[in-house]
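K.L.:
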Amino acid sequence: MFENRTVLAPDESREWADPHPLEPTDATGTTDGRRRCRAMSEAVRDADADDVVRGEDCTIDADATVGYGEFDEPTRIGDDATIRAGSIVYGDVTIGDGFATGHDVLVREGTEIGDDVLVGTKTVIDGQTTIGSHVSLQTNVYVPTQTTIGSNVFVGPSAVLTNDEYPIRTDADLEGPTIEDGASVGANATLLPGVTIGENAFVAAGAVVTEDVPPNSLAVGTPATIQELPEPLEGPNDLA
Numbered sequence: 048m049f050e051n052r053t054v055l056a057p058d059e060s061r062e063w064a065d066p067h068p069l070e071p072t073d074a075t076g077t078t079d080g081r082r083r084c085r086a087m088s089e090a091v092r093d094a095d096a097d098d099v100v101r102g103e104d105c106t107i108d109a110d111a112t113v114g115y116g117e118f119d120e121p122t123r124i125g126d127d128a129t130i131r132a133g134s135i136v137y138g139d140v141t142i143g144d145g146f147a148t149g150h151d152v153l154v155r156e157g158t159e160i161g162d163d164v165l166v167g168t169k170t171v172i173d174g175q176t177t178i179g180s181h182v183s184l185q186t187n188v189y190v191p192t193q194t195t196i197g198s199n200v201f202v203g204p205s206a207v208l209t210n211d212e213y214p215i216r217t218d219a220d221l222e223g224p225t226i227e228d229g230a231s232v233g234a235n236a237t238l239l240p241g242v243t244i245g246e247n248a249f250v251a252a253g254a255v256v257t258e259d260v261p262p263n264s265l266a267v268g269t270p271a272t273i274q275e276l277p278e279p280l281e282g283p284n285d286l287a
């Protein structure tokens with residue numbers, strides 16, 4: 048197990064060292080991480096035992112809420128989670144090992160998240176969403192319902208994903224974007240409803256994506272046009 052995990056800095060898109068590394072076991076055979084996991088916030092302690100299922104070596108700040116709301120399914124969180132102050136994780140959420148948030152993160156019901164996922168400060172995952180493993184969502188990202196994000200995906204600060212083609216005007220089914228394995232979305236980019244970002248594709252910062260982006264290609268501009276992927280951007284992300 049790592050002595051010192053990294054999480055997203057609360058005000059930057061870079062990583063920083065966890066100020067609470069996991070310590071070795073003491074004379075009682077209990078790590079401080081396990082003690083912290085038991086000494087949860089009041090919100091977690093107040094939840095029924097069946098509402099939250101936690102793994103080992105979790106760090107959940109006192110001002111975080113896990114298991115919010117009343118749902119048929121509990122909140123399930125794997126080992127080595129770090130959930131920082133102000134963050135809210137609803138019931139009926141399943142999260143793998145190595146999950147880490149910044150501050151004021153929201154994860155709504157019906158969300159499934161894989162292993163080793165980082166979610167930056169003030170990012171919103173609005174529920175009914177699937178996220179793979181080894182994913183980095185940076186600060187202030189918006190992920191709407193009905194979105195699918197693969198594994199080894201990077202989404203830059205303030206990127207906005209949308210799911211409503213005719214907001215307010217016409218009643219239509221919601222359809223979020225799909226981001227396939229190994230793709231990257233740059234800072235301040237906007238993905239329109241239903242678009243697919245292909246495997247290992249790259250969306251440039253500030254781009255507005257209105258159509259599918261083929262695998263191994265670059266989307267740039269407003270509206271985005273498809274270009275050949277420059278050599279330095281070729282290949283999958285290295286987030287594992």
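According to this note's numbering, the stretch in the sequence shown is residues 48 to 287, in order. Note that the Cβ used here is the ideal one computed from N, Cα and C, for glycine as well. All of these numbers come straight from a predicted model, not from anything done at the bench.
How many Å lie between S205 and S183 at the Cα?
P.N.:
When rounded, the distance between both Cα atoms is 13 Å.
K.L.:
Report all residues from its chain with a CB closer than 7 Å to the CB of R155; omit the five preceding and five following residues, and keep chain order.
P.N.:
Only Y137, I172, D173, G174 meet the Cβ criterion.
K.L.:
E278 by DSSP, collapsed to three states: which one?
P.N.:
helix
K.L.:
Identify which residue in P224, T186, A251 has its Cα closest to the Cα of S264.
P.N.:
A251
K.L.:
In the DSSP assignment, what residue or residues form a beta bridge with I196?
P.N.:
According to DSSP, I196 bridges with I178, I226.
K.L.:
Between G229 and L165, what straight-line distance do the alpha-carbon atoms span, to the nearest angstrom?
P.N.:
15 Å
K.L.:
What residue range does the beta strand (DSSP E) around V260 cover?
P.N.:
Premise fails: V260 is in no beta strand (DSSP E) and is neither H nor E.
K.L.:
Helix, strand or coil for A86, going by three-state DSSP, please let me know.
P.N.:
Residue placement at A86 cannot be trusted, given a pLDDT of 45 that sits under 50; the coordinates are not used to answer.
K.L.:
Identify, in the order they occur along the chain, each residue of the same chain with its Cβ nearer than 8 Å to the Cβ of T75, setting aside the five sequence neighbours on each side.
P.N.:
Since pLDDT at T75 reaches only 41, below the 50 mark, its modelled position is unreliable, and no value is offered.
K.L.:
Tell me where the beta strand (DSSP E) around I135 begins and ends.
P.N.:
Element bounds for I135: 135–137.
K.L.:
Residues in the same chain with beta-carbon distance under 6 Å from F146, minus the five sequence neighbours each way, listed in chain order, please.
P.N.:
A128, V164
K.L.:
Taking the beta strand (DSSP E) that Y115 belongs to, which residues open and close that run?
P.N.:
112–115
K.L.:
Closest to A234 by CA distance: which of Y189, I135, L221, R101 is it?
P.N.:
Y189
K.L.:
Is the distance from the Cβ of T122 to the Cβ of D144 below 8 Å?
P.N.:
Not in contact: T122 and D144 (Cβ atoms no closer than 8 Å).
K.L.:
Please work out which residues of its chain come closer than 8 Å, Cβ to Cβ, to K169, disregarding the five sequence neighbours upstream and downstream, and give them in chain order.
P.N.:
Correct list, in chain order: G149, H150, D151, V152, T186, N187.
K.L.:
Which residue's Cα is closest to the Cα of A248: P261, D162, G167?
P.N.:
P261
K.L.:
Tell me where the beta strand (DSSP E) around T122 begins and ends.
P.N.:
122–124
K.L.:
Under the assumption that V200 contacts I226 (Cβ atoms under 8 Å), give the Cβ distance between them as a whole number of angstroms.
P.N.:
5 Å
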